[in-house]
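As they're listed, the protein sequences go chains A and B. Residues 1 to 318 (the numbering used here) are what the first sequence spells out, left to right. Residues 319 to 567 (the numbering used here) are what the second sequence spells out, left to right. Everything below concerns the one structure shown next.
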Amino acid sequence: MSILVVAEHDNKSVKPATLNAVAAASELSKAGAGDIHILVAGEACRPAADAAAKIAGVAKVLIADDAAYGHGLAENVAPLLVNLAASYSHVLAPATTQGKNLMPRVAALLDVMQISDISGVVSEDTFVRPIYAGNALATVQSTDKVKIITVRGTAFPPGAGEGGSAAVEAVSGAGSAGLSEFVRAELSKSERPELTSARVIISGGRGMQSGDNFHLLEAVADKLGAAVGASRAAVDAGFVPNDYQVGQTGKIVAPELYIAVGISGAIQHLAGMKDSKVIVAINKDEEAPIFQIADYGLVGDLFKILPELDAELAKTQK
Amino acid sequence: MKALVAVKRVVDYNVKVRVKADHTGVETANVKMSMNPFDEIAIEEALRLREAGTVEEVIAFSAGIQQCQETIRTALAMGADRGVLVLTDVELQPLAVAKLLKAVIEKEGPEIVIIGKQAIDDDCNQTGQMLAALLGWPQATFASKLVISNGSAEVTREVDGGLETIKLKMPAVVTTDLRLNEPRYASLPNIMKAKKKPIDVMTPDDLGVDVTPRLITLKVEEPVKRQGGVKVSSVEELVAKLKTEARVI
């Protein structure tokens, strides 16, 4: 039996999280499961389907093009997946807000217990997943016939997004369930990369003291091509919107370089960034727990250090 | 209309969890237990709906061992009207909890069900979505704003790129995100009053629900500990190290 990956996309292109889910599917393939297929369900989503067909290792792309799937409403998309699932041993989606919203609905309709947020594939039916905000790792075996899975992107390095040439096949479902409708989206506009796919992230905590002070981080972020994040404390204090939040209750990230500024290092924040390759901590409190996991620590006043860092980066980039 | 809120008893969020020596799970003996923080937000939202006159009664539901009654009492002390406890020693997984909730909801007839988006122990993030599926109801996960009027619920959701607003036909399931509200503390008089509020106790068998776990936990381990590195003394040194040693900029 084959593996179906539910693509994360905006109808025009495929989001990077899809590649991480395909990487997890490749591990399942190696463990004995079959070919990898991708479902692109959306509205006028042919460009996204064509992009999905180029992903290396994908055997087939299913496109479900219907106005009812345009905004990914779970009430509409879940029945489509339930019908498709009959031909698959595994159905995977990225553990993004989209995947987390949709997949449990699919699992319940199939009378299957979902395996959430996997960080490792042990065999076709056995997976590793973080529990307690990543403070423990559970190895779990599914006894269900179809495995419904969401994938923690940071645990599976993405494969190539180019080089494949899968066939694109149209599928259709019942369309709208008539239970829900999309009203509007207020998406944060930013020239910077998305947190979950950025190579470099610079995050601010309570130590930033105000939302206005985040411009100090933004200046450094511009030099490094970095995304800007925040701790839950900074979000709770109203400095920045919640979509900046890195941590167990926010986004899980694992960039090449993570710079934590004015962040003490609460367990809940560490859970969201401790898999970063290199961690830098800037904090005036020498005893802050963040220094225990940082590769490079700099003790001092962030309001002095950030402008210096900005200037130093400008110098070395010349 | 009635509102039903599900509350889970979990290891308190301030406790640093320890993996058991035999790798069967996480130490929960002599550890402080509390209501799942996202469920506190769910209770608060239901209470606000009652205070606004949208909801007449708030029912707090929990399932698990006898001590889950304490979690229901906490909800009652915050202001919920009565409780429902499904008593079982079996390890409950989200699919089983969703089935128990469905059975209780079919008896109680609430029009709005509010649940935390995830429990901070198993971090599954499934129960609300599963319940909505089993009931054939619409769902709004990760809610940061909820407005109920004329038989529909307009919900603003925290999604990866920002905010999304959707409109659901009632009855509906809503799962809470952090910014929906700030939960109240229970006052002492209300804690006393909560002791007299009724809690219905039943078993999965009474409800005709099979709660057998579908996932078998083979082992639970500590993650690899990250080692701390060095302290640098200046910004110049930091930038130099990032360039030549770590090679990340």
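All C-beta atoms in this analysis are idealised placements derived from N, C-alpha and C, irrespective of residue type, glycine included. Model, not experiment: these values are computed from the prediction.
query: Which same chain residues, not among the five before or five after A:S210, have their C-beta less than 7 Å away from its C-beta?
result: Residue mapping note: residue 210 of chain A aligns to position 210 of the first sequence, counting from 1. Same-chain partners within the cutoff: F239.
task: Since I believe B:T535 is in contact with A:R184 (beta carbons under 8 Å), could you give me their beta-carbon distance rounded to a whole number of angstroms?
output: Within the first sequence, the letter at position 184 stands for residue 184 of chain A. Within the second sequence, the letter at position 217 stands for residue 535 of chain B. At roughly 42 Å, the Cβ-Cβ gap does not stay under 8 Å, so A:R184 and B:T535 are not in contact.
task: Note down the Cα distance separating B:P531 from B:W455, rounded to an integer number of angstroms.
output: Working through the second sequence from its first residue, we reach residue 531 of chain B at position 213. Working through the second sequence from its first residue, we reach residue 455 of chain B at position 137. For B:P531 and B:W455, the distance between alpha carbons rounds to 24 Å.
field: Within 8 Å, strictly: CB atoms of A:N283 and A:G250
entry: In the first sequence, the residue the question calls residue 283 of chain A occupies position 283. In the first sequence, the residue the question calls residue 250 of chain A occupies position 250. Taking 8 Å as the Cβ cut-off, A:N283 and A:G250 do not qualify as a contacting pair.
query: Can you name the residues of chain B whose CB is closer than 8 Å to the CB of A:G173?
result: Indexing the first sequence from 1 puts residue 173 of chain A at position 173. Identification of chain B residues near A:G173 by a Cβ-Cβ cut-off of 8 Å yields none; the smallest Cβ-Cβ distance measures about 15 Å.
- request: Report the three-state DSSP secondary structure of A:S142 (helix, strand or coil).
  value: Here residue 142 of chain A refers to the residue found at position 142 when the first sequence is read from its first residue. Three-state DSSP puts A:S142 in a strand.
query: A:L187 versus chain B: which residues are under 7 Å apart at the beta carbon?
result: Locating residue 187 of chain A in the first sequence gives position 187, counting from the first residue. G479, G480, listed in chain order.
- prompt: So B:E509 is in the alpha helix (DSSP H); what residue range does that whole segment cover?
  reply: Working through the second sequence from its first residue, we reach residue 509 of chain B at position 191. It should be pointed out that residue 509 of chain B corresponds to Ile in this sequence rather than to Glu. Note, B:I509: alpha helix (DSSP H), 506–512.
task: Please classify B:M353: does DSSP put it in a helix, a strand, or coil?
output: Locating residue 353 of chain B in the second sequence gives position 35, counting from the first residue. If DSSP states are grouped into helix, strand and coil, B:M353 belongs with the strands.
query: Under 8 Å between the Cβ atoms of A:I3 and A:G34?
result: Against the first sequence, residue 3 of chain A aligns to sequence position 3. Against the first sequence, residue 34 of chain A aligns to sequence position 34. In contact: A:I3 and A:G34 (Cβ atoms closer than 8 Å).
Chain-order list of residues whose beta-carbon lies under 6 Å from that of B:R497 (same chain, five-residue window excluded): Position 179 of the second sequence, counting from 1, holds the residue named residue 497 of chain B. Same-chain partners within the cutoff: S462.
- request: Measure from the C-beta of B:I484 to each C-beta in chain A and report whether the shortest distance is under 8 Å.
  value: Numbered from 1 along the second sequence, position 166 holds the residue referred to as residue 484 of chain B. Yes, B:I484 lies at the interface with chain A (some Cβ there is under 8 Å from its Cβ).
Inter-stretch contact (C-beta, 8 Å, three-pair minimum) for the region 38–48 of chain A and the region 65–82 of chain A: Contact between the region 38–48 of chain A and the region 65–82 of chain A is present, with at least three C-beta pairs closer than 8 Å.
message: Any beta carbon from chain A within less than 8 Å of B:D265's own beta carbon?
response: This structure does not reach residue 265 of chain B, given that chain B is present from 319 up to 567, and the question cannot be answered.
Distance between beta carbons of B:K435 and B:T494, contact taken as under 8 Å: Here the question's residue 494 of chain B lines up with position 176 in the second sequence. Here the question's residue 435 of chain B lines up with position 117 in the second sequence. Right, their Cβ atoms sit about 6 Å apart.
Residues of its chain near A:N101, where Cβ-Cβ distance is below 7 Å and the 5 sequence neighbours each way are ignored: Within the first sequence, numbered from 1, the residue matching residue 101 of chain A stands at position 101. Counting only Cβ-Cβ distances below 7 Å, and skipping sequence neighbours, we find A74.
query: Between A:I38 and the rest of its own chain, which residues show a CB-CB distance below 6 Å, the 5 nearest in sequence each way excluded?
result: As a working mapping, residue 38 of chain A is identified with position 38 in the first sequence. V5, A7, A52, V58, V61.
query: Anyone know if the C-beta pair for A:V106 and A:I148 falls short of 8 Å?
result: Within the first sequence, residue 106 of chain A is the residue found at index 106, counting from 1. Within the first sequence, residue 148 of chain A is the residue found at index 148, counting from 1. Cβ atoms of A:V106 and A:I148: closer than 8 Å.
- request: For A:Q317, count neighbouring C-beta atoms within 10 Å of its own C-beta (all shown protein chains included) and say buried if the count is 16 or more, exposed if not.
  value: Locating residue 317 of chain A in the first sequence gives position 317, where the first residue counts as 1. It is exposed - the Cβ of A:Q317 has fewer than 16 other Cβ atoms within 10 Å.
query: Taking just the CA atoms, how far does A:D144 sit from A:Y258?
result: Looking up residue 258 of chain A in the first sequence gives position 258. Looking up residue 144 of chain A in the first sequence gives position 144. Distance between the alpha carbons of A:Y258 and A:D144 is about 39 Å.
field: Within-8 Å CB hit, B:A393 to chain A
entry: Numbered from 1 along the second sequence, position 75 holds the residue referred to as residue 393 of chain B. At least 8 Å separates the CB of B:A393 from every CB of chain A.
For B:V329, the residue or residues it bridges with in DSSP: By one-based count along the second sequence, residue 329 of chain B stands at place 11. For B:V329, which the question treats as bridged, DSSP gives the partners B:M351.
- prompt: Of all Cβ atoms in chain A, is any one closer than 8 Å to the Cβ of B:M448?
  reply: As a position in the second sequence, residue 448 of chain B is number 130, starting the count at 1. Output row for B:M448: interface = yes.
task: Consult DSSP for A:N101 and reduce its assignment to one of helix, strand or coil.
output: One-based indexing of the first sequence puts residue 101 of chain A at position 101. Helix at A:N101.
message: Is it buried or exposed, B:T459, if we count other Cβ atoms within 10 angstroms and call 16 or more buried?
response: Taking the second sequence and counting its residues from 1, the one referred to as residue 459 of chain B is at position 141. Flag for B:T459 reads buried.
Buried or exposed (CB count within 10 angstroms, at least 16 for buried), B:N354: Here residue 354 of chain B refers to the residue found at position 36 of the second sequence. Buried, because 16 or more other Cβ atoms sit within 10 Å of the Cβ of B:N354.
message: Taking 7 Å as the cut-off, is the beta-carbon of A:V246 closer than that to any non-hydrogen atom of the ligand COA?
response: What this structure holds is no ligand at all, so the ligand COA is not there to describe.
message: According to DSSP, simplified to helix, strand and coil, what is A:M113?
response: Within the first sequence, numbered from 1, the residue matching residue 113 of chain A stands at position 113. Note: A:M113 maps to coil in three-state DSSP.
- prompt: So which residues of chain C does B:G397 contact, with C-beta pairs closer than 8 Å?
  reply: Going by chain labels, chain C is absent from the structure shown, which instead holds the protein chains A and B.
- request: Leaving out five residues on either side along the sequence, give the residues of the same chain with a beta carbon under 6 Å from the beta carbon of A:A138.
  value: By one-based count along the first sequence, residue 138 of chain A stands at place 138. Setting aside the 5 residues that flank it on each side, A:A138 is surrounded in the same chain by R129, I131, each with a C-beta closer than 6 Å to its C-beta; the list follows chain order.
query: For B:M448, which three-state DSSP category applies?
result: Within the second sequence, the letter at position 130 stands for residue 448 of chain B. The answer is helix: DSSP assigns B:M448 an H, G or I state.
message: Tell me which residues share the same chain as B:G469 and place their Cβ nearer than 6 Å to its Cβ, disregarding the 5 neighbours each side in the sequence.
response: Locating residue 469 of chain B in the second sequence gives position 151, counting from the first residue. M488.
query: Within the chosen definition, does the region 185–204 of chain A reach the region 216–225 of chain A through at least 3 CB pairs nearer than 8 Å?
result: By the C-beta criterion, the region 185–204 of chain A is judged to be in contact with the region 216–225 of chain A, since at least 3 inter-stretch pairs fall below 8 Å.
Within-8 Å CB hit, B:V422 to chain A: Translated into positions along the second sequence, residue 422 of chain B becomes position 104. Judged by the 8 Å Cβ criterion, B:V422 is not in contact with chain A.
- prompt: What does B:V344 touch in chain A if you count any residue whose Cβ is under 7 Å from its own?
  reply: On the second sequence, position 26 is the one that residue 344 of chain B refers to. Going along chain A in sequence order, the residues near B:V344 (Cβ under 7 Å) are Y132, A136.
field: Own chain residues within Cβ distance below 6 Å of A:L298, not counting five before or after
entry: Against the first sequence, residue 298 of chain A aligns to sequence position 298. So the qualifying residues of the chain are I282.
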